[in-house]
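K.L.:
Let me begin by handing over the structure; questions about it come next.
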Amino acid sequence: MRRIVLIIFFFLVVVATATQVVIYQFELVQLNQEFVTKFNLKEFEAKFPRDGSFFSFSYLPKEMELNIALPLIQMSFEVGERTTKSRSSTRPWLSTIVNRKAAITIASEELSLLTGVRTGKGLKFELTPMRILDRAVVTKVSISDPYGPTRFENELEISRDDFSLIGLVTLKKDDGFQHVALYAKASVASALPQENVYSSGSLDEMAKIFLEEVEREPNEVYGVLIYDGNFQGRVDLVLWTDAGIVLNASVSVPSMNFSVGLEKLVGAEGLRAGAKISYGQELCLALGFSDVSKLTDFLSLFASLYPIKISLQDATFKYLEWSFGMVLGFDEVTITLGIFNESAMVISGDAKFNFTKNFFALVGMAYNFSTNKPCFRVGFGVNF
2 MRRIVLIIFF
12 FLVVVATATQ
22 VVIYQFELVQ
32 LNQEFVTKFN
42 LKEFEAKFPR
52 DGSFFSFSYL
62 PKEMELNIAL
72 PLIQMSFEVG
82 ERTTKSRSST
92 RPWLSTIVNR
102 KAAITIASEE
112 LSLLTGVRTG
122 KGLKFELTPM
132 RILDRAVVTK
142 VSISDPYGPT
152 RFENELEISR
162 DDFSLIGLVT
172 LKKDDGFQHV
182 ALYAKASVAS
192 ALPQENVYSS
202 GSLDEMAKIF
212 LEEVEREPNE
222 VYGVLIYDGN
232 FQGRVDLVLW
242 TDAGIVLNAS
252 VSVPSMNFSV
262 GLEKLVGAEG
272 LRAGAKISYG
282 QELCLALGFS
292 DVSKLTDFLS
302 LFASLYPIKI
312 SLQDATFKYL
322 EWSFGMVLGF
332 DEVTITLGIF
342 NESAMVISGD
352 AKFNFTKNFF
362 ALVGMAYNFS
372 TNKPCFRVGF
382 GVNF
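Residue numbers for the sequence shown follow the working numbering, so the first one is 2 and each next one is one higher.
Right under this line is the structure:
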C-alpha cells in the first residue's frame, strides 16, 4: 500500500512539474571598445610661420593635434588614436517547460550558391530548465558558435528575484573588441496559457553586432564655374540606388556637351561595370569598369578603364578612356588628385569643403596637355 502511495505521489509531482511553464527574461548587454584613429585637416594657412622659423612641428596628445610649419605654409591636423567605450542592451523573453530546451540565435549568415555551404558569425544561447526551486530555477546553459566548434556548457541556478549573469562573450573585430554579457531572470507559471501567446522583446540592437554596416554613398548635385581663358559652366549629378547602381550625369553650358553613365557594383570591394554616352564633337558609347579601394579611413585610390568606345554617328572605334588617382577624405575637407584621359589627357586636383552635412563648396584646377592650358574652377553643391 505504501509503495502505491509513493508511486501516485511521484506521478502527481511529475505531472505538476511538466505543466509548469518557465519564462526567462534576458538582458543582453553589449559593451563596445573601439580604437578610433583620427586624421583630419584642421587648419591650413599659406603664409610664413608665426614664429619665423623655416620648419617646426609639435604634437599635443590631449587635443590629438599635430602642428607643422614649413616655408610659406602652416598646417594643423587632428591626428591620433584613442579608445572609446559604449553600452547598449535589450531584453527579450523566452519560455519553455521543464526538461525542454529553448534557444535564441543571433547571427549573420551567407549562403554560397555554388557550393550550398552556409557560413556566418553569431552566437547561440540554449537554456534547459532542470528543476524548479523556491527562489531559483536550476538551468542547463549552453553558449556556442553556430558556425564553429566553440561551445560552453554549465548548470546554474537562475534567480526568480534578480537577474543572474550566465555568460560573457568577447568578440574580436577590426576596430577593437565587443563584449556581450548575458543576464537572465526566471519566473514560473503554474499552467499553460489558454489564449494566444505573443512574444515580447527585440534583438535588433544585438543583431547589429554581426551585421556589417554598409556606408551609404551620398547623392550629389553641384554646379561649377570654369575658366580656361573663357568662362563656362557645368552641372554634375551623382545618384546612388540601394541596388548598387550609380548614375553620373553632367552637362556643360553654353556648349551643351554632356555625359551620362550608369555603373553597377559587381564586387564587394568597389568594382563596378558600366556604360556611358557622351557628346562632345560627336556622340559616343563607352563600355568598361571602374574600381575604388579604401586603404585607410582617410585614403582611397580610384581607377577606371573604358576600353570599348564607339562613335554612334559613323560606327567607328575611338580611343579608350582611363583615369586613376587618389582621394584624401577628412571630416571637413576632401581632396581629389588624378589623371584623366577622355578627349584629352588632363591632370586635375579638387578640394571639397563640407560647410554642413548637406552643403559643400568646390575649388580646383586642371592642366590640359593637348592645349597646354590650365583651367580653374569653383562651385557649390548639396548632398541628399
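Every residue, glycine too, gets a C-beta built ideally from N, C-alpha and C.
#1: Mark residue 134 as exposed unless 16 or more other C-beta atoms lie within 10 angstroms of its C-beta, in which case mark it buried.
#2: Three or more C-beta pairs under 8 Å: does that hold for the stretch 334-346 against the stretch 181-190?
#3: Applying the 10 Å Cβ sphere with the 16-neighbour rule, what's the burial state of residue 361?
#4: First and last residue of the beta strand (DSSP E) that includes residue 362?
#5: Got a sec, what are the start and stop residues for the beta strand (DSSP E) residue 277 sits in?
#6: Reducing DSSP to helix, strand and coil, say where residue 134 ends up.
#7: Could you give the first and the last residue of the continuous beta strand (DSSP E) run that contains residue 236?
#8: Of the residues 301, 310 and 311, which one's Cα is nearest the Cα of residue 326?
#9: Among residues of its own chain, excluding the 5 on either side of residue 292, which ones have a beta-carbon nearer than 6 Å to its beta-carbon?
#10: Going by DSSP, what residues sit across from residue 264 in a beta bridge?
#11: Quick one: give me the first and last residue of the beta strand (DSSP E) that residue 308 is part of.
#12: Considering Cα atoms alone, identify which of 126, 118, 352 and 116 is closest to residue 104.
#13: Roughly how many angstroms lie between the CA atoms of residue 310 and residue 267, to the nearest whole one?
#14: DSSP on residue 315, reduced to helix/strand/coil?
#15: Name the DSSP beta bridge partners of residue 152, please?
#16: Please look up how many angstroms separate the CB atoms of residue 289 and residue 308, rounded, as I've assumed it's under 8 Å.
#17: On a CA-only basis, which of 317, 331 and 238 is nearest residue 219? Give me that one, please.
#18: The beta strand (DSSP E) spanning residue 290 covers which residue range?
#19: Less than 8 Å between the beta carbons of residue 157 and residue 165, yes or no?
#20: When DSSP labels each residue in this structure, what does residue 372 get in the three-state scheme?
#21: Can you give me the C-alpha to C-alpha distance between residue 129 and residue 117, rounded to a whole angstrom?
#22: Could you check what DSSP says for residue 384 in three-state terms: helix, strand or coil?
#23: Please report how far the alpha carbon of residue 380 lies from the alpha carbon of residue 150, in whole angstroms.
#24: Under 8 Å between C-beta atoms, does residue 306 make it to chain C?
#25: Quick one: grab the DSSP three-state call for residue 218.
#26: For residue 352 versus residue 334, is the C-beta distance shorter than 8 Å?
#27: Please report the Cβ distance between residue 160 and residue 137, rounded to the nearest whole angstrom; I am assuming they are in contact, meaning their Cβ atoms lie under 8 Å.
#28: Can you give the beta carbon distance from residue 107 to residue 123, rounded, assuming they're within the 8 Å contact cut?
#29: Near residue 336, what residues of its chain come up, given a Cβ to Cβ distance below 6 Å and the 5 sequence neighbours on each side ignored?
#30: Could you pull the start and end residues of the beta strand (DSSP E) that residue 329 belongs to?
#31: Considering Cα atoms alone, identify which of 366, 318, 231 and 251 is closest to residue 224.
#32: Buried or exposed for residue 132, please, with buried defined as at least 16 other CB atoms from any protein chain shown within 10 angstroms of its CB.
#33: Closest to residue 257 by CA distance: which of 94, 283 and 321 is it?
#34: For residue 168, which residues in the same chain have their Cβ closer than 6 Å to its Cβ, ignoring the five residues on either side in sequence?
#35: Rank 170, 255, 370 and 246 by C-alpha distance to the C-alpha of residue 274 and give the top, closest one.
P.N.:
In this structure, then:
#1: exposed
#2: no
#3: buried
#4: 360-369
#5: 273-280
#6: coil
#7: 232-241
#8: 301
#9: 271, 272 and 304
#10: 247 and 275
#11: 300-312
#12: 126
#13: 21 Å
#14: coil
#15: 145
#16: 6 Å
#17: 238
#18: 284-295
#19: yes
#20: coil
#21: 32 Å
#22: strand
#23: 57 Å
#24: Judged by its chain identifiers, the structure shown contains no chain C, having just a single protein chain.
#25: coil
#26: yes
#27: 5 Å
#28: 5 Å
#29: 329 and 352
#30: 322-330
#31: 251
#32: exposed
#33: 283
#34: 144 and 183
#35: 246
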